[in-house]
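Below you'll find the structure, written out as structure tokens, and then a few comments.
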Amino acid sequence: AIRDSLPANYTFEVEKTLWRLRETRATKVALQFPEGLLLFANALADLLRRFHRVPGEDEEHHDESAPKKREEEEELRVVVLGDATFGACCVDDLAAKALGCDFLVHYGHSC
17 AIRDSLPANY TFEVEKTLWR LRETRATKVA LQFPEGLLLF ANALADLLRR FHRVPGEDEE
77 HHDESAPKKR EEEEELRVVV LGDATFGACC VDDLAAKALG CDFLVHYGHS C
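Quick note, the sequence shown lines up with residues 17 to 127 if you use the numbering used here.
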């Protein structure tokens with residue numbers, strides 16, 4: 017389902033991002049894109065929310081195609097940073113922190 021939602025010519029490393037979110041127990045993540053990739057922001061945010069699960073969840077009975085949340089589990093909150101930056105490589109960690117995010121994913125190159 018993840019691969020079908022995004023273009024094949026870009027590598028967004030969704031599986032790796034989900035793994036890191038679980039590992040760090042992140043509850044609110046900021047996604048930062050260069051202007052040319054902003055059109056994929058909603059699709060990626062939806063995928064991260066849909067497939068996110070906390071560590072310790074019953075792995076044996078977990079179906080990736082139809083993830084189910086326990087009632088006490090909080091849904092991952094996703095913020096898309098849409099502000100223009102000086103360059104596509106500038107990581108806006110200050111905005112993410114000001115918005116209360118505990119995790120930042122920067123898509124694109126960095127300097």
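C-beta: ideal position from N, C-alpha, C; glycine also.
Buried or exposed: where does residue i fall if 16 or more other Cβ atoms within 10 Å of its Cβ makes it buried?
| i | result |
| --- | --- |
| residue 64 | buried |
| residue 45 | buried |
| residue 100 | exposed |
| residue 55 | exposed |
| residue 114 | exposed |
| residue 24 | exposed |
What separation, rounded to the nearest whole angstrom, lies between the Cα atoms of residue i and residue j?
| i | j | result |
| --- | --- | --- |
| residue 30 | residue 50 | 17 Å |
| residue 109 | residue 97 | 10 Å |
| residue 123 | residue 47 | 8 Å |
| residue 117 | residue 67 | 19 Å |
| residue 60 | residue 95 | 11 Å |
| residue 20 | residue 35 | 19 Å |
Please list the terminal residues of the continuous alpha helix (DSSP H) segment that includes residue i.
| i | result |
| --- | --- |
| residue 30 | 30–40 |
Quick test of your reading: residue i and residue j, contact by CB under 8 Å. State the CB separation rounded to the nearest angstrom.
| i | j | result |
| --- | --- | --- |
| residue 119 | residue 40 | 6 Å |
| residue 105 | residue 125 | 5 Å |
| residue 92 | residue 33 | With 8 Å as the limit, residue 92 and residue 33 do not qualify as a contact, their Cβ atoms being about 11 Å apart. |
Taking the continuous beta strand (DSSP E) assigned at residue i, which residues delimit it?
| i | result |
| --- | --- |
| residue 93 | 93–97 |
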